[in-house]
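Encoded as structure tokens, the structure appears first; notes follow it.
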Amino acid sequence: MSARRARLGVLVSGGGSNLQALLDAARQEDFPAEVACVVSNVPTAYALERARQAGVRAEVVDHKHFGAKADFEAALRGVLADAGVEWVCLAGFMRLVSADFLKHFPGRVLNIHPSLLPAFPGLHAQRQALERGVKVAGCTVHYVDAGTDTGPIIAQAAVPVLPEDDEASLSARILAEEHRLYPLAVRLVVTGAVTLDGLRTRVDAIVTGDGRALRSPGAPK
Ligand code: GRF
7 MSARRARLGV
17 LVSGGGSNLQ
27 ALLDAARQED
37 FPAEVACVVS
47 NVPTAYALER
57 ARQAGVRAEV
67 VDHKHFGAKA
77 DFEAALRGVL
87 ADAGVEWVCL
97 AGFMRLVSAD
107 FLKHFPGRVL
117 NIHPSLLPAF
127 PGLHAQRQAL
137 ERGVKVAGCT
147 VHYVDAGTDT
157 GPIIAQAAVP
167 VLPEDDEASL
177 SARILAEEHR
187 LYPLAVRLVV
197 TGAVTLDGLR
207 TRVDAIVTGD
217 GRALRSPGAP
227 K
């Protein structure tokens, strides 16, 4: 693998356990990406502390300080550009990004969502799954488009829904899979193993039992 690592900007609003998974993955020598900066729209988000502890630049861009969404996003983009960010990972970021924001990172904005999309987009996905009575739930990493949780799916992981589950227990089971899936999906996209065809993605990789992705001989360069 080349020494050049893709530069990630991780956008957060809360606890940042998915951010932590990415920070931990990036500590592995062969991980093809590094977290260049973390930006939170919530000043008190614990995710900021996780970034600082990992020695990663942590910034607050509070949406409440901006009258217009365009101004908020311009400030956000300013921080990302300053940090040399190439890929944007939404990780519990509780703001919708606009089509204009996406234009600045074409095909390079990812999100993780706690359901098997296209089921249960939007807020409280785990609660929606319980209320609908599904027997299998899970999580999805997808490219972000202008809709809410509607972009092309990169990777998914499933977990069972147990009879005794409540929102907390199901969320915890899904979250454990999120922490495995997000680094894997990042590894796939930044190494060019994922190609887009409309809403469908093709993943040219062999994924090993320990969650590592190896390029297949036929993968695009
Ligand atoms: C995760 O469940 C993620 O799928 C959703 O928001 C939650 C963020 O959790 N988008 P954390 O801040 O990464 O712990």
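The opening residue of the sequence shown carries number 7 in this note's numbering; numbering runs sequentially from there.
Glycine is no exception: its CB is placed at the ideal position from the N, C-alpha and C atoms.
Since the model is a prediction, treat every value here as computed from it, not as a measurement.
Assigned exposure category for residue i - 16 Cβ within 10 Å defines buried
i: Pro226; result: With a pLDDT of only 48 at Pro226, under 50, the local geometry of the prediction cannot be trusted, and the value read off the model is given with reservation. So Pro226 ends up on the exposed side.
i: Arg58; result: exposed
i: His71; result: exposed
i: Gln132; result: buried
i: Arg56; result: buried
i: Pro169; result: exposed
i: Pro49; result: exposed
i: Leu205; result: exposed
i: Ser177; result: buried
i: Arg208; result: exposed
i: Leu123; result: buried
i: Arg98; result: Checking the sequence, you will find Gly at residue 98 rather than Arg. Counting Cβ neighbours within 10 Å, Gly98 comes out buried, since at least 16 surround it.
i: Leu187; result: buried
i: Ala87; result: exposed
Per-residue DSSP class, three states only, for residue i
i: Asp88; result: helix
i: Met7; result: Here the model assigns Met7 a pLDDT of 47, short of 50, so the residue's position is not dependable, and the following value carries that caveat. Of the three classes helix, strand and coil, the one that applies to Met7 here is coil, per DSSP.
i: Glu65; result: strand
i: Val192; result: helix
i: Gln134; result: helix
i: Arg179; result: helix
i: Arg58; result: helix
i: His71; result: helix
i: Gln34; result: coil
i: Glu40; result: strand
i: Ser206; result: For the sequence presented, residue 206 should be read as Arg rather than Ser. If DSSP states are grouped into helix, strand and coil, Arg206 belongs with the strands.
i: Ser104; result: coil
i: Leu129; result: coil
i: His110; result: coil
i: Ser121; result: coil
Neighbourhood of residue i by C-beta, 7 Å cutoff - its chain only, sequence neighbours within 5 removed
i: His69; result: Asn47, Phe78, Arg101
i: Phe126; result: Gln134, Ala135
i: Gly90; result: Arg13, Ala42
i: Gln26; result: Arg56
i: Lys75; result: Ser104
Cut-off 8 Å between Cβ atoms - residues of its own chain near residue i, not counting five sequence neighbours on either side
i: Val67; result: Val45, Ser46, Asn47, Phe78, Ala81, Leu82, Val85
i: Leu29; result: Val41, Arg56, Ala57, Ala60, Val62
i: His110; result: Arg83
Minimum Cβ-Cβ distance from residue i to chain C less than 9 Å
i: Ala31; result: Among the chains in the structure shown there is no chain C, since it carries only a single protein chain.
Chain-order list of residues whose beta-carbon lies under 6 Å from that of residue i (same chain, five-residue window excluded)
i: Leu96; result: Leu17, Asn117
i: Phe107; result: Glu79
i: Ala244; result: This structure cannot settle anything about residue 244, because the visible part of the chain is limited to 7 through 227.
i: Arg179; result: Val165
i: Val103; result: none
i: Ala32; result: Glu40, Val41
i: Phe37; result: Ala31
Within 9 Å, strictly: CB atoms of residue i and residue j
i: Ser23; j: Ala51; result: no
i: Gly153; j: Ser121; result: no
i: His119; j: Asp155; result: yes
i: Leu190; j: Pro158; result: no
i: Val142; j: Val165; result: yes
i: Ala53; j: Gly73; result: no
i: Glu183; j: His130; result: no
i: Arg114; j: Val140; result: no
Contact test: residue i Cβ vs ligand 2 heavy atom, cutoff 8 Å
i: Ile180; result: The model depicted lacks ligand 2 and carries ligand 1 instead.
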